[in-house]
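Those letters in the sequence shown? Residues 961 to 1175, by our numbering. For glycine and all other residues, C-beta sits at the position ideal for the given N, C-alpha and C. Note that the structure is a prediction, hence the values are computed from the model and not measured. Take a look at the structure set out below.
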Amino acid sequence: MDLATLNKVIPVLLQGTIVTIQLTFMAIIFGCLIALLVAILKVSSNKILNAIGGFYTWIFRGTPLLLQLYVFYYGLPALNIDITATQAAILGLSLNSGAYIAEIIRGGIIAIDKGQFEAAKALGFTYGQTMRKIILPQAVRVIIPPMGNEFIALIKDTSLVSVITMEELLRKAQLLVSASGDAVTPYVMTGVFYLILTTVFTFLFSRVERKLSIY
């Protein structure tokens, strides 16, 4: 692993790292929006809404993310729905993470004392107002640790989009190996990059968790 090789490998991997970070943030944002809706459906007393939320999480938690990416990237075009690798990657990661985040949010909601629901109802709050103004703000503190774990897992899961030609960190390493024949340096440095990413974001989430736990 000489300096000249590193000078060639590192800039390419940095490009892939930027794509990985972008994918992670986009997936977590869209995933949270999806998850919030699904979690509310799952805690609803309406059996139909509850079943819809349960069906969604059953599908996306019960099948491999890799399979889901294949379905979106190769299956949708077969139905005359044009989709790029980037769109397929964001769609697959968002829907998959949404299913897991929905369970995290649901757990945070049911962790709040039921008496607060009753108090809000007595004050004339609607269900939506109760969730928005009372329950969800408190649930945020409960879900921060598992959300941190989900975010870290999502960073590593982005490596799966390499199978649909998305040039994120792992795909960049594969291309470097193909071009140079060196199967050691690109993959070792890729591991280093992933470790740096997960370490930095683990530290950031732990700081947020400690700050919230003071209260």
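What's the C-alpha gap between residue i and residue j?
{"i": "Lys1074", "j": "Lys1081", "result": "11 Å"}
{"i": "Glu1127", "j": "Val1168", "result": "31 Å"}
{"i": "Gly1108", "j": "Leu1120", "result": "20 Å"}
{"i": "Gln975", "j": "Tyr1147", "result": "15 Å"}
{"i": "Phe1032", "j": "Leu1026", "result": "10 Å"}
{"i": "Arg1092", "j": "Ser1140", "result": "54 Å"}
{"i": "Thr965", "j": "Val972", "result": "11 Å"}
{"i": "Tyr1154", "j": "Gly1035", "result": "30 Å"}
{"i": "Ile970", "j": "Thr1159", "result": "19 Å"}
{"i": "Ala1178", "j": "Ile978", "result": "Shown here, the chain extends from 961 to 1175; a query on residue 1178 therefore has no answer."}
{"i": "Ile989", "j": "Gly1084", "result": "32 Å"}
{"i": "Ala1045", "j": "Ala1079", "result": "49 Å"}
{"i": "Pro1037", "j": "Ala987", "result": "21 Å"}
{"i": "Tyr1030", "j": "Ala1113", "result": "20 Å"}
{"i": "Val1102", "j": "Arg1170", "result": "12 Å"}
{"i": "Lys1007", "j": "Pro1106", "result": "27 Å"}
{"i": "Leu963", "j": "Pro1024", "result": "39 Å"}
Give the single residue among the options whose Cα lies nearest to the Cα of residue i.
{"i": "Gly1014", "options": "Thr1023, Lys1002, Ile1095 and Leu1025", "result": "Lys1002"}
{"i": "Leu1096", "options": "Leu963, Phe1111, Gly1084 and Gln1076", "result": "Gln1076"}
{"i": "Leu1055", "options": "Pro1037, Glu1078, Gly1022 and Val972", "result": "Gly1022"}
{"i": "Gly1058", "options": "Phe1032, Glu1110, Tyr1087 and Gln1089", "result": "Glu1110"}
{"i": "Glu1087", "options": "Lys1132, Ser1004, Leu963 and Leu1029", "result": "Here residue 1087 is Tyr; the residue named in the question, Glu, does not match the sequence. When each option's Cα is compared against that of Tyr1087, the closest is Ser1004."}
{"i": "Gly991", "options": "Tyr1034, Thr1158 and Leu1053", "result": "Leu1053"}
{"i": "Asn967", "options": "Leu1155, Thr1145, Thr1159 and Asp1117", "result": "Thr1145"}
{"i": "Ile1028", "options": "Asp1117, Leu1157 and Val1152", "result": "The residue asked about is misnamed: residue 1028 is Gln in this sequence, not Ile. The residue with the shortest Cα to Cα distance from Gln1028 is Asp1117."}
Could you check how far apart the C-beta atoms of residue i and residue j are, in whole angstroms? I think they sit under 8 Å.
{"i": "Leu1172", "j": "Ile1104", "result": "6 Å"}
{"i": "Thr1150", "j": "Leu1130", "result": "6 Å"}
{"i": "Gln1098", "j": "Ile1072", "result": "5 Å"}
{"i": "Ile1094", "j": "Leu1157", "result": "No, Ile1094 and Leu1157 are not in contact; Cβ-Cβ is about 36 Å, not under 8 Å."}
{"i": "Ala1143", "j": "Val1152", "result": "With 8 Å as the limit, Ala1143 and Val1152 do not qualify as a contact, their Cβ atoms being about 16 Å apart."}
Between residue i and the ligand NAP, is the CB less than 7 Å from at least one heavy atom?
{"i": "Lys968", "result": "Only the bare structure without any ligand can be found here, which leaves the ligand NAP out of the picture."}
Hey, is the region 975–986 in contact with the region 1011–1030, meaning 3+ C-beta pairs nearer than 8 Å?
Not touching, per the Cβ criterion.
Spell out a yes or no on whether the region 1051–1062 and the region 993–1002 are touching, meaning 3 or more CB-CB pairs, one atom from each, closer than 8 Å.
Three or more Cβ pairs closer than 8 Å define a contact, and the region 1051–1062 meets that threshold against the region 993–1002.
Whether or not the region 1030–1047 and the region 1068–1079 are in contact is what I'm after, with contact meaning three or more pairs of Cβ atoms, one per stretch, closer than 8 Å; do they touch?
No, because fewer than three Cβ pairs between the region 1068–1079 and the region 1030–1047 fall closer than 8 Å, the two stretches do not touch.
Within 8 Å, do at least three Cβ pairs link the region 1150–1169 to the region 1005–1012?
Contact fails: fewer than three Cβ-Cβ distances are below 8 Å.
Cβ pair count under 8 Å reaching 3, the region 1045–1057 against the region 1114–1124
They touch, by the three-pair rule.
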